[in-house]
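First the structure, in the form of structure tokens, and then the observations on it.
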Amino acid sequence: MSKQSQWRLTFEVTRWEFMRFFKPREMMVSLGLTVGLLLGLNWMIRGAGSQGEPAQVKLINQSELMLVIPETSSLAVVDALPEEAESDLREAVAAKELDGLLIVRGVEDAELVVLREPHWRAELEKLLAIARLSVQLDRSGVSQEAFAEMMAPFPLTLSALRDDGGGFRERMILSFVCIGFMLMAIFVGNAYLFSAITGEKQLRVTEQLVAAISPRIWIDGKILGMAGLALVNVAIYAVSSFIAVLILQRLGVDVPLALEVVDVGLALKMVSLAVLGFLFWFTAFAAVAATINDPMNSARNAFMFVPMIPVAVGFLVFTNPEHWGFRLLGMFPLTSAGVMPARLVLAEVPAWEMAVALASLVVACWMMRQVAGKVFALGIFMQGKEPSWSEMIAAARRV
Amino acid sequence: MSRQILTVEAVEKHYKTVKAVDRISFSVDEGEIFALLGPNGAGKSTMVRMMMRIIAPDAGRIRYDLGVPEDALLSRLGYLPEDRGLYQDMAILPTIVYFGVLRGMTRADAKREARLWLEKMDLVDRAGERLDSLSKGNQQKIQFIASVLHRPRFAILDEPFSGLDPINQNLMIEVLQELRAQGTTVLLSAHQMELVESIADRLFLMNRGKQVLYGTMAELRERVGVGTNIKIGFRGMADLAAFECHPAVDLVSRPEEGRLELMLRPEAALGAFLEFACGALDIVTLESREMSLHGIYLRAVKLAEEGDPRGEGSTTTAVQELEVGVG
Chain W
6 MSKQSQWRLT
16 FEVTRWEFMR
26 FFKPREMMVS
36 LGLTVGLLLG
46 LNWMIRGAGS
56 QGEPAQVKLI
66 NQSELMLVIP
76 ETSSLAVVDA
86 LPEEAESDLR
96 EAVAAKELDG
106 LLIVRGVEDA
116 ELVVLREPHW
126 RAELEKLLAI
136 ARLSVQLDRS
146 GVSQEAFAEM
156 MAPFPLTLSA
166 LRDDGGGFRE
176 RMILSFVCIG
186 FMLMAIFVGN
196 AYLFSAITGE
206 KQLRVTEQLV
216 AAISPRIWID
226 GKILGMAGLA
236 LVNVAIYAVS
246 SFIAVLILQR
256 LGVDVPLALE
266 VVDVGLALKM
276 VSLAVLGFLF
286 WFTAFAAVAA
296 TINDPMNSAR
306 NAFMFVPMIP
316 VAVGFLVFTN
326 PEHWGFRLLG
336 MFPLTSAGVM
346 PARLVLAEVP
356 AWEMAVALAS
366 LVVACWMMRQ
376 VAGKVFALGI
386 FMQGKEPSWS
396 EMIAAARRV
Chain S
1217 MSRQILTVEA
1227 VEKHYKTVKA
1237 VDRISFSVDE
1247 GEIFALLGPN
1257 GAGKSTMVRM
1267 MMRIIAPDAG
1277 RIRYDLGVPE
1287 DALLSRLGYL
1297 PEDRGLYQDM
1307 AILPTIVYFG
1317 VLRGMTRADA
1327 KREARLWLEK
1337 MDLVDRAGER
1347 LDSLSKGNQQ
1357 KIQFIASVLH
1367 RPRFAILDEP
1377 FSGLDPINQN
1387 LMIEVLQELR
1397 AQGTTVLLSA
1407 HQMELVESIA
1417 DRLFLMNRGK
1427 QVLYGTMAEL
1437 RERVGVGTNI
1447 KIGFRGMADL
1457 AAFECHPAVD
1467 LVSRPEEGRL
1477 ELMLRPEAAL
1487 GAFLEFACGA
1497 LDIVTLESRE
1507 MSLHGIYLRA
1517 VKLAEEGDPR
1527 GEGSTTTAVQ
1537 ELEVGVG
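Residue numbers (this note's numbering), protein chains in the order written: chain W, 6 to 404; chain S, 1217 to 1543.
What follows is the structure, given as structure tokens:
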């Protein structure tokens, strides 16, 4: 068969596999849901912060502490009247007539009486600490202004020679988002692939297909079709998230994402790494999926999650992006797809390292394709049992 | 002499505990309908899978002469597997077109041919429906269309009559004859012998992985040595022993009261036997016909089990002939 015919058939399988699972209407619904969910979440968080009655707390102050409650606090602390006995107030808390009773007996001694531990406990502790600091400053003869000056951060001027926008924190979050999307692509893709391959075995279309095309063309087309589908899914989520971020920023919400860092060149590098890394793991999973006999009970289902581990190593890069270990993992094909995008955002990556990462991934993808084709051909015909790992290794070694 | 487009030479296939195919040899001539017959577990489907290169034989050779190199073979073959299955959640027309395109057709040709076939199978109105909306029999017809849409030179059909009602079985017979008329050689594997008997040019009968009989119907009759089949309906009593001892009678059975079924020896004179029967019985009805393929098969298996060379000797003969021809 000519190369042209092989490509044509591979394209036909790719197209068929993609169209089998491509549901544009459902994807548009999920896009709308993502945007809506993000906006709704923001509204809820803001609503929770700004609305609602502050907790009513009565204070019995037997010390020199001066508790200052800001207006925006979730607490409303009022001094207890002299005639109100402590025991009465305790009963009021027990009867849910009062949210809390604060008894301050000294600078280092206070008791909070509540029905259950409240969400504003940390806030109250912070206010008490401020009040205590004020007393301690008075005792030491240091003015509030002098203290504030002492505690102010050092005015370090940053002269970044390459200022392409965004601070380290924003870049770190951006790297997390990139790795997150790739993990999502792998997970979504594996789920589609798993369903497509085991489904075909159960639908018993295997023999019909291999009577028309070789297992190699079949698996190539299937991988490309399913990969395309997973990437379209992830792209839809990425676009909808981007739209949501833009809307939130328009609404004045501080979204810590350094989108300005991403230029065309960086985007191309990251997409290339992500797609190749995704294809590598995807191909490996296709081979394993073909060996699964009963999708409900096979222990090999767990293999779906294996690619998550090396890719997720990328989440650790922020700890020290220039560490030699991460530089090495950034070029190693099993981990480069997760580590290198993070390094590209967080560190200075020499061009040769990027070239090695891409080249090693291309070679690894090609080798995995060869192995997967053989294991796929072995597994796809087996009904009623799964080939053993040794049988799979033997098949992979076969010339 | 017709061109042999498939030659199977001394093919064997072993599984863990069973020899599924045991030194099977035959050839298929261009333009014929060739039937591979046998009961369930005879080894037919294993043989078919080896022919389709789905599994490899442990010994022997399977060669095609379709005028194309090995890597282009699949586009010239049509295959209806025993394991039926299609994409249940997909529409009928795109599914058929997909399989046509995979076998080298253009999308437009595949679509046109698919519509013609759907019309022939009385399913054209349902072309846009999902496959799982069809009955099992209709799904079977769709699968058949998918396997012959590309007008293969050689169609291998494993159990094409399974799951079809009598009307659709007849339709399938017509379609197979039409395929042959259009130049497609057909090999069908089946266990419904009465259906196959009416359309097959040559037959290969298997049992437990081994050849039982091989040839045309006339050759099979001659090889097994079967005579006429006679069914007699009578009144009163019958002396069964007298029939069993009669020199013209090979087998006698009495399926029910007032009925007698006999198989005469091939050399028996029918007239003389009927004269004897009229004297021995008060005959009400009489039916005479040549033995069916089913009967021939049962007789051949029985003879083979009894060690009669008419039952298993044919295997040796056929293999020897083929080896001489190949050598």
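Don't be surprised by glycine CBs; every beta carbon is placed ideally from N, CA and C.
*Could you list which residues in chain S have their beta carbon closer than 8 Å to that of isoleucine 252/W, in chain order?*
Under the 8 Å cutoff, chain S gives no residues; its nearest Cβ is about 36 Å from isoleucine 252/W.
*Nearest to leucine 214/W by alpha carbon, out of Val1244/S, Leu1318/S, Ala1330/S and Phe1242/S?*
Leu1318/S
*Identify whether valine 1540/S lies in helix, strand or coil by the three-state DSSP scheme.*
Note that valine 1540/S scores 29 on pLDDT, short of 50, meaning its location in the model is unreliable; the coordinates nonetheless yield the value given after this. DSSP places valine 1540/S in helix when its eight states are reduced to three.
*Note down, in chain order, every chain W residue with its Cβ under 9 Å from the Cβ of glycine 1353/S.*
Ordered by position in chain W, no residue passes the 9 Å Cβ test against glycine 1353/S, which lies about 17 Å from the chain.
*Cα-Cα separation between glycine 1487/S and threonine 1444/S, rounded to whole angstroms*: 12 Å
_Limits of the unbroken alpha helix (DSSP H) element including isoleucine 252/W_ = Its alpha helix (DSSP H) spans residues 220 to 255.
*asked:* Whole angstroms are fine: how far does the CA of proline 312/W sit from the CA of serine 1530/S?
replied: Because the pLDDT at serine 1530/S is just 45, under 50, the model does not fix this residue reliably, and the value given afterwards should be weighed accordingly. Between serine 1530/S and proline 312/W, the C-alpha separation is close to 59 Å.
*Do you know how far the Cα of valine 98/W is from the Cα of arginine 405/W?*
Coverage of chain W is limited to positions 6 through 404, which leaves residue 405/W absent and any answer about it impossible.
*Could you work out which residues of chain S lie near isoleucine 228/W, taking near to mean beta carbons separated by less than 7 Å?*
Those within 7 Å of isoleucine 228/W in chain S number zero; the least Cβ separation is about 17 Å.
*In whole angstroms, what separates the C-alpha of leucine 1293/S from that of glycine 270/W?*
50 Å
*Counting only the same chain and skipping the five closest in sequence on each side, list residues whose C-beta sits under 6 Å from that of threonine 1223/S.*
Ser1243 and Arg1279
*asked:* Quick check on asparagine 1256/S: buried or exposed, where buried means 16 or more other Cβ atoms within 10 Å of its Cβ?
replied: exposed
*Close-in-space but distant-in-sequence residues of the same chain around valine 244/W (CB under 8 Å, 5 per side omitted)*: Leu36
*Taking a cut of 7 Å between CB atoms, which residues from the stretch 18 to 50 of chain W lie near chain S?*
Cβ contacts with chain S come from Trp21 and Arg25.
_With a threshold of 7 Å on Cβ separation, who are the neighbours of aspartate 84/W within its own chain once the five nearest residues in sequence on each side are excluded?_
Leu64 and Asn66
*By how many angstroms is the C-alpha of glutamine 207/W removed from the C-alpha of threonine 1533/S?*
Note that threonine 1533/S has pLDDT 37, beneath the 50 cutoff, so the model's placement of it is unreliable and the number below is only indicative. When rounded, the distance between both Cα atoms is 43 Å.
_For a contact defined as C-beta to C-beta under 7 Å, what are the partners of glutamine 61/W on chain S?_
Within chain S, no residue comes near glutamine 61/W; the closest Cβ sits about 60 Å away, beyond 7 Å.
_Residue span of the beta strand (DSSP E) that contains histidine 1510/S, given as start and end_ = Unbroken run through histidine 1510/S is the alpha helix (DSSP H), 1509 to 1521; no beta strand (DSSP E).
*Mind checking who glutamine 61/W pairs with in its DSSP beta bridge?*
Residue pairing from DSSP places glutamine 61/W in a beta bridge opposite Ala81/W.
*Taking C-beta pairs closer than 7 Å, name the residues in chain A that isoleucine 297/W reaches, listed in chain order.*
In the displayed structure, chain A is absent; the protein chains listed are W and S.
*So which of Thr1311/S, Arg1451/S and Ala1397/S has the shortest CA-CA distance to glutamate 1248/S?*
Ala1397/S
*Please check the pair isoleucine 1499/S and phenylalanine 1450/S, which I expect to be a contact at CB under 8 Å, by giving their CB distance rounded to whole angstroms.*
5 Å
_the stretch 204 to 215 of chain W: positions lying closer than 7 Å to chain S by Cβ_ = Leu208, Arg209, Val210, Glu212, Gln213 and Val215
*Identify the contact partners of alanine 292/W in chain S, using a Cβ-Cβ distance below 8 Å as the criterion.*
Going along chain S, no residue has its Cβ under 8 Å from alanine 292/W, so there is no contact; the nearest lies around 19 Å.
*Counting only the same chain and skipping the five closest in sequence on each side, list residues whose C-beta sits under 7 Å from that of isoleucine 224/W.*
Ala291, Ala377, Gly378 and Phe381
*What's the call for threonine 77/W, buried or exposed, on a 16-neighbour Cβ count within 10 Å?*
exposed
*Verify the CB distance criterion: does glycine 1425/S have a CB-CB separation below 8 Å to chain W?*
no
*asked:* Please tell me whether histidine 1510/S and methionine 1422/S are closer than 8 Å, where the distance is taken between their beta carbons.
replied: Cβ atoms of histidine 1510/S and methionine 1422/S: not closer than 8 Å.
*asked:* Looking only at its chain, what residues have a beta carbon closer than 7 Å to the beta carbon of leucine 1282/S, apart from the 5 residues adjacent to it on each side?
replied: Ile1221, Leu1289, Arg1292, Arg1369 and Phe1370
*Inter-residue CB distance, alanine 1251/S and alanine 1484/S (contact presumed, cutoff 8 Å)*: For alanine 1251/S against alanine 1484/S, the beta-carbon gap comes to about 29 Å, at or over 8 Å, which does not count as contact.
_Inter-residue spacing [alpha-carbon to alpha-carbon] between phenylalanine 16/W and methionine 1321/S_ = Taken atom to atom, the span from the alpha-carbon of phenylalanine 16/W to that of methionine 1321/S is near 14 Å.
*How long is the line joining the alpha carbons of glutamate 1225/S and glycine 1259/S, rounded to whole angstroms?*
16 Å
*What residues from chain S crowd round leucine 120/W, counting only those whose CB sits closer than 7 Å?*
Per Cβ cutoff of 7 Å: no residues; leucine 120/W is ~56 Å from chain S at best.
*Start-to-end residues for the alpha helix (DSSP H) that takes in glycine 1503/S*: Strictly speaking, residue 1503/S in this sequence is glutamate, with glycine absent from that position. Counting along the chain, glutamate 1503/S falls outside any alpha helix (DSSP H), though it belongs to the beta strand (DSSP E) covering 1498 to 1506.
*If you pair each beta-carbon of the stretch 220 to 240 of chain W with each one of the stretch 16 to 32 of chain W, do three or more pairs fall below 8 Å?*
The stretch 16 to 32 of chain W and the stretch 220 to 240 of chain W touch, with three or more beta-carbon pairs separated by less than 8 Å.
*Using a C-beta to C-beta distance shorter than 7 Å, which residues of chain S count as neighbours of alanine 217/W?*
The contacting residues are Leu1290, Phe1315, Leu1318 and Arg1319.
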